[in-house]
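Numbering (UniProt numbering), first residue to last: 1 to 154.
What follows is a single structure, written as structure tokens, with notes after it.
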């Protein structure tokens with residue numbers, strides 16, 4: 001069974017084991033046993049599944065791996081690609097957390113912050129229909145974007 005499949009099975013009932021799986025994969029990325037592209041490609045069928053819960057878990061897997069990488073590990077280009085990836089899947093579980101992780105990195109810039117804000121406003125027009133925890137995550141991300149990436153003239 002792949003690390004992704006194990007993560008998908010345990011993430012709901014054993015957060016610690018899920019975190020350890022993501023940390024092992026992040027370590028493999030760091031030591032070049034695998035690449036970030038291979039991690040994204042491993043999401044394959046799950047990321048396009050009709051079941052939003054399964055899609056959300058797959059996105060959460062990628063988010064967990066990224067969170068486990070050192071803060072300066074990702075290049076600006078990788079951050080840009082991942083930002084676009086998460087923005088395209090912003091309504092799936094885990095994507096907002098992934099964007100929050102990316103926006104905290106030094107190489108995340110104002111243009112990426114604008115892309116994220118635009119995705120939020122396009123996809124979350126009716127936030128009241130979302131659960132309280134989802135709304136909180138979105139508002140938290142917007143707040144972080146404004147605090148960390150707003151230019152001084154605003």
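All residues carry an ideal CB built from backbone N, CA and C; glycine is no exception.
What you are looking at is a predicted structure, and each value in this text was computed from that prediction instead of being measured.
Asked, Found
"Taking DSSP as the reference, what is the three-state secondary structure of residue 48?", "coil"
"Is the region 15-27 touching the region 75-89 in the sense that three or more CB pairs, one from each, lie closer than 8 Å?", "no"
"Considering Cα atoms alone, identify which of 86, 126 and 115 is closest to residue 150.", "115"
"Report the option in 88, 106 and 92 whose CA atom is closest to the CA atom of residue 54.", "92"
"Nearest-angstrom Cα distance between residue 1 and residue 12?", "18 Å"
"Could you give the DSSP three-state label for residue 130: helix, strand or coil?", "coil"
"So, under 8 Å CB-CB, residue 173 and residue 18 are touching, yes? Tell me the CB distance rounded to an integer number of Å.", "Lying outside 1 to 154, the shown extent of the chain, residue 173 is not represented and no answer is given."
"Quick one: give me the first and last residue of the alpha helix (DSSP H) that residue 13 is part of.", "It is not in any alpha helix (DSSP H) - residue 13 carries neither H nor E in the DSSP assignment."
"Taking 6 Å as the limit between beta carbons, can you name the residues of its chain near residue 154, skipping five residues before and five after?", "With a pLDDT of only 46 at residue 154, under the threshold of 50, the placement of this residue in the model should not be trusted, and no figure is reported."
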